[in-house]
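Everything on this sheet refers to the single structure shown next.
Protein chains: 2
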Amino acid sequence: MGILAGVDLGGTNIEAALLSEQGKVMSHITHPTGADEGYGRVMENIISAVKKIKKDKEIEAIGLCSPGIIDVDQGICRFAGNLNFNNVQLRRPIEDAFSVPVFVENDVNAAALGEWRFGTGKGTDNFILVMLGTGVGAGIITDGRLLHGKSNATAEIGHTIVEKDGLFCNCGGRGCLEMYSSATGIVRMMKQYLMKGNYSSVTADIQGDWDRLTAAMIAQKAAAGDKLSQQVIREAAEYLGVALVNYVNTFNPEMVAIGGGVAKAGDILTQPVKEFISSRAMEVQANDVSVVLSSLGEDAGTIGAAAVAIESIKTVKDL
Amino acid sequence: MGILAGVDLGGTNIEAALLSEQGKVMSHITHPTGADEGYGRVMENIISAVKKIKKDKEIEAIGLCSPGIIDVDQGICRFAGNLNFNNVQLRRPIEDAFSVPVFVENDVNAAALGEWRFGTGKGTDNFILVMLGTGVGAGIITDGRLLHGKSNATAEIGHTIVEKDGLFCNCGGRGCLEMYSSATGIVRMMKQYLMKGNYSSVTADIQGDWDRLTAAMIAQKAAAGDKLSQQVIREAAEYLGVALVNYVNTFNPEMVAIGGGVAKAGDILTQPVKEFISSRAMEVQANDVSVVLSSLGEDAGTIGAAAVAIESIKTVKDL
Numbered sequence: 001m002g003i004l005a006g007v008d009l010g011g012t013n014i015e016a017a018l019l020s021e022q023g024k025v026m027s028h029i030t031h032p033t034g035a036d037e038g039y040g041r042v043m044e045n046i047i048s049a050v051k052k053i054k055k056d057k058e059i060e061a062i063g064l065c066s067p068g069i070i071d072v073d074q075g076i077c078r079f080a081g082n083l084n085f086n087n088v089q090l091r092r093p094i095e096d097a098f099s100v101p102v103f104v105e106n107d108v109n110a111a112a113l114g115e116w117r118f119g120t121g122k123g124t125d126n127f128i129l130v131m132l133g134t135g136v137g138a139g140i141i142t143d144g145r146l147l148h149g150k151s152n153a154t155a156e157i158g159h160t161i162v163e164k165d166g167l168f169c170n171c172g173g174r175g176c177l178e179m180y181s182s183a184t185g186i187v188r189m190m191k192q193y194l195m196k197g198n199y200s201s202v203t204a205d206i207q208g209d210w211d212r213l214t215a216a217m218i219a220q221k222a223a224a225g226d227k228l229s230q231q232v233i234r235e236a237a238e239y240l241g242v243a244l245v246n247y248v249n250t251f252n253p254e255m256v257a258i259g260g261g262v263a264k265a266g267d268i269l270t271q272p273v274k275e276f277i278s279s280r281a282m283e284v285q286a287n288d289v290s291v292v293l294s295s296l297g298e299d300a301g302t303i304g305a306a307a308v309a310i311e312s313i314k315t316v317k318d319l
Numbered sequence: 320m321g322i323l324a325g326v327d328l329g330g331t332n333i334e335a336a337l338l339s340e341q342g343k344v345m346s347h348i349t350h351p352t353g354a355d356e357g358y359g360r361v362m363e364n365i366i367s368a369v370k371k372i373k374k375d376k377e378i379e380a381i382g383l384c385s386p387g388i389i390d391v392d393q394g395i396c397r398f399a400g401n402l403n404f405n406n407v408q409l410r411r412p413i414e415d416a417f418s419v420p421v422f423v424e425n426d427v428n429a430a431a432l433g434e435w436r437f438g439t440g441k442g443t444d445n446f447i448l449v450m451l452g453t454g455v456g457a458g459i460i461t462d463g464r465l466l467h468g469k470s471n472a473t474a475e476i477g478h479t480i481v482e483k484d485g486l487f488c489n490c491g492g493r494g495c496l497e498m499y500s501s502a503t504g505i506v507r508m509m510k511q512y513l514m515k516g517n518y519s520s521v522t523a524d525i526q527g528d529w530d531r532l533t534a535a536m537i538a539q540k541a542a543a544g545d546k547l548s549q550q551v552i553r554e555a556a557e558y559l560g561v562a563l564v565n566y567v568n569t570f571n572p573e574m575v576a577i578g579g580g581v582a583k584a585g586d587i588l589t590q591p592v593k594e595f596i597s598s599r600a601m602e603v604q605a606n607d608v609s610v611v612l613s614s615l616g617e618d619a620g621t622i623g624a625a626a627v628a629i630e631s632i633k634t635v636k637d638l
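Chains as they are written, first to last, in this note's numbering: chain H, 1 to 319; chain C, 320 to 638.
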């Protein structure tokens, strides 16, 4: 297999990279997405970004990952809120521009494939990546294959129920994990405690401006010994624990990796998650699983996109 | 493919059948398991049962399903509480006796394969069978393949958490679905309401003997209009709804089938489950899924065991 292009389409920026078959980034470029200017302009920007890194090199295939629900077979983005996409063709315009095979995938699924093929999940057959950011998503590899389901709308761990009659969620449900363990959920929880009159050293930092409160700040304060911040992170970790016990008892994986902005909290987050799984998951499954931090850093998106292309080419060759 | 033997090993009885490739039962026999007399006798009983139905016919393969954690590759039962099995060989003694390929699988997984290949799940690619009996288990087919995980300890929906700080469960966890939606859970819930002084017409039937209270009785009373029985079944259905929303948002299946003794309650159980999924699952996933009752009746076990053999032979031929 030759050189691959990996494209990570985000709401703000397009990250494009040339990568080797071993997932090594050879060159990289960041280009504004231009989502405000509509679908046509976004596709032009993707093609322009790939042209800039490709130059006169031959590439074997292009992997593209996008937020939202992706029809992998048709190469269509069925829906992506932050891109204003509804049933738009992602694959064809890029294939037309470069005359090489193009493979598209949901961004969290792609990140899971990347982490599984080139990161901490290497060598496992059953691997789950959970991304904790503004939202919470996952990508799941079972018996060596990415979980796709009917409409590629799988692994929505952020919208699994961790409190039966819990907080109302944007998805229309209630008590979703995302309401408790996302960056947004952590900030909301801290605000509630502060409004009830509890003390935290974050108060001095934000100086009455609630908008300055972030999950990263709360994680830092927790690491520095602030009791309320520790409690908030522990509660977020326990809710994550509930969702992960359910996944561990369902998928019997070798590894669960945790990534995304909230994962920067490190041990303060992962330690109570591990304890919760040890005490609440079934014995065989708890013994089989390791809970770790994801290992691919800033390049996770483009490496994931390249992994999608590699995986798809391998599957075609296997048929 | 020729005639197959399907063997359903249970705690009390061994059910053995000869089946066509189309899953049609040609002959059937019931034989006591003899679990009290130990592993050796159980294996003798299985072989004896297969000999009795086989007579002088040629069979192509034997499928065997067993409760517990099954090492499918090695043909070993790692653990099965009700059979007193700990790391015993299931495959080899049968292969030695009949000189045909033998394939073993967990019983709920086998039932899911049977229901998927020959029952209500036919034609789907993503199918979940949930069995509600004394315990609660599931078998999951994703993208046309049975979910196995690292140790074949997957799909333990009965031990997914539906109440974070809920009732303590035998598995060591808390708030497991099995504590609320199994036959045992339903009986426990009714007892609690009665002990608190609530009225139900079951009281007249059991005449003070709590041991006569069954989930089937409660389901019958609910169908006949008993308010408390209706409430108990609805609560059990809502907890099942929580676990199924989590599965639907995770697997994006075309179909969820509900089987086992508790499923005999029919619409009284499935209607609130469907409503819960409609109102709480994500839109795409809720639209994609049908919730139905399982269709294979008494022969589900042996048909499932035969499906395991068929599936395994097909997989080998595909390689």
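The beta-carbon is built from N, C-alpha and C at its ideal position, and this holds for glycine as well. All figures in this text were calculated on a predicted structure; none of them were measured in a lab.
Note down, in chain order, every chain H residue with its Cβ under 7 angstroms from the Cβ of residue 490(C).
Near residue 490(C) (Cβ distances below 7 angstroms), the residues of chain H are 282.
Taking 8 angstroms as the limit between beta carbons, can you name the residues of its chain near residue 570(C), skipping five residues before and five after?
Same-chain partners within the cutoff: 445, 447, 459, 461.
Report buried or exposed for residue 497(C), applying the criterion of at least 16 other Cβ atoms within 10 angstroms of its Cβ.
buried
Identify the continuous beta strand (DSSP E) that holds residue 134(H) and give its terminal residues.
Segment: none, residue 134(H) is in no beta strand (DSSP E) and carries neither H nor E.
Over the uninterrupted beta strand (DSSP E) stretch that includes residue 424(C), give me the two end residues.
It spans 421-425 - the beta strand (DSSP E) in which residue 424(C) sits, taken as one unbroken run.
Can you tell me the Cα-Cα spacing of residue 200(H) and residue 423(C), whole angstroms?
57 angstroms
Would you tell me roughly how many angstroms separate the C-alpha atoms of residue 356(C) and residue 330(C), rounded to the nearest one?
12 angstroms
When you compare only the Cα positions, how much space is there between residue 72(H) and residue 17(H)?
21 angstroms
Do we get a CB-CB distance below 7 angstroms when we pair residue 151(H) with the residues of chain C?
True, the Cβ-Cβ gap to chain C drops below 7 angstroms.
Whose C-beta lies closer than 6 angstroms to the C-beta of residue 472(C) among residues of the same chain, with five residues either side of it excluded?
388
Only counting the same chain, and skipping five residues up and downstream in sequence, which positions put a Cβ closer than 6 angstroms to that of residue 340(C)?
320
Per DSSP, residue 573(C) is paired with what?
In the DSSP output, where bridge partners are listed per residue, residue 573(C) has none listed.
Going by DSSP, what residues sit across from residue 65(H) in a beta bridge?
Per DSSP, 8(H), 105(H).
From this set, 361(C), 626(C), 634(C), 633(C), which residue's C-alpha is nearest residue 441(C)'s C-alpha?
Nearest of 361(C), 626(C), 634(C), 633(C) to residue 441(C), Cα basis: 626(C).
Below 8 angstroms between beta carbons is the criterion; list the residues of the stretch 154-188 of chain H that meet it against any residue of chain C, in chain order.
154, 155, 156, 157, 159, 160, 161, 162, 163, 164, 171, 172, 173, 174
Take residue 609(C) and list the residues in its own chain whose beta-carbon comes closer than 6 angstroms to its own, dropping the five residues that flank it on each side.
574.
Could you tell me which chain C residues have their CB closer than 9 angstroms to the CB of residue 252(H), listed as they occur along the chain?
466, 467, 468, 469, 470, 471, 472, 473, 474, 475
Tell me which residues share the same chain as residue 101(H) and place their Cβ nearer than 6 angstroms to its Cβ, disregarding the 5 neighbours each side in the sequence.
61
For the alpha helix (DSSP H) containing residue 497(C), list its first residue and its last residue.
Per DSSP, residue 497(C) belongs to the alpha helix (DSSP H) from 497-500.
Please classify residue 634(C) as buried or exposed, where buried requires at least 16 neighbouring CB atoms within 10 angstroms.
Label assigned to residue 634(C): exposed.
Who are residue 350(C)'s beta bridge partners in DSSP?
Residue 350(C) pairs with 333(C).
With a CB to CB cut of under 6 angstroms and the five nearest residues on each side skipped, what residues in its chain are close to residue 39(H)?
88
Tell me the rounded alpha-carbon separation between residue 169(H) and residue 237(H).
Using only the alpha carbons, I get a separation of about 19 angstroms.
Which whole-angstrom value is the C-beta distance of residue 171(H) and residue 161(H), which I expect to be below 8 angstroms?
The pair is not a contact, with the Cβ atoms about 11 angstroms apart (cut-off 8 angstroms).
Exposed or buried, what is residue 617(C) when buried is set at 16 or more other beta-carbons lying within 10 Å of its beta-carbon?
exposed
Excluding the 5 residues flanking residue 351(C) on each side, which residues of the same chain have their C-beta closer than 8 angstroms to its C-beta?
331, 332, 333, 364
Which parts of the stretch 541-591 of chain C are runs of the alpha helix (DSSP H), unbroken and 4 residues or longer, counting only runs that do not cross its ends?
Runs found: 546-570.
Our contact map puts residue 303(H) next to residue 232(H) with C-beta atoms below 8 angstroms; I'd like the distance itself, whole angstroms only.
Going by Cβ atoms, the distance from residue 303(H) to residue 232(H) rounds to 32 angstroms, so no, they are not a contact pair.
What would DSSP say about residue 3(H), mapped onto helix, strand or coil?
coil
What in chain H is Cβ-close to residue 388(C), meaning under 9 angstroms?
284
Report all residues from its chain with a CB closer than 6 angstroms to the CB of residue 436(C); omit the five preceding and five following residues, and keep chain order.
Excluding five sequence positions before and after residue 436(C), the CB atoms of its chain that fall closer than 6 angstroms to its own CB belong to 626, given in chain order.
What do you get for residue 224(H), buried or exposed, if any count of 16 or more other CB atoms within 10 angstroms of its CB means buried?
exposed
Quick check on the DSSP output: the alpha helix (DSSP H) that includes residue 364(C) runs from which residue to which?
358-373
List the endpoints of the continuous alpha helix (DSSP H) containing residue 397(C).
No alpha helix (DSSP H) contains residue 397(C), which is instead part of the beta strand (DSSP E) from 395-399.
Considering only DSSP beta bridges, list what residue 139(H) is partnered with.
129(H)
Mind checking residue 43(H): buried by the 16 CB within 10 Å criterion, or exposed?
buried
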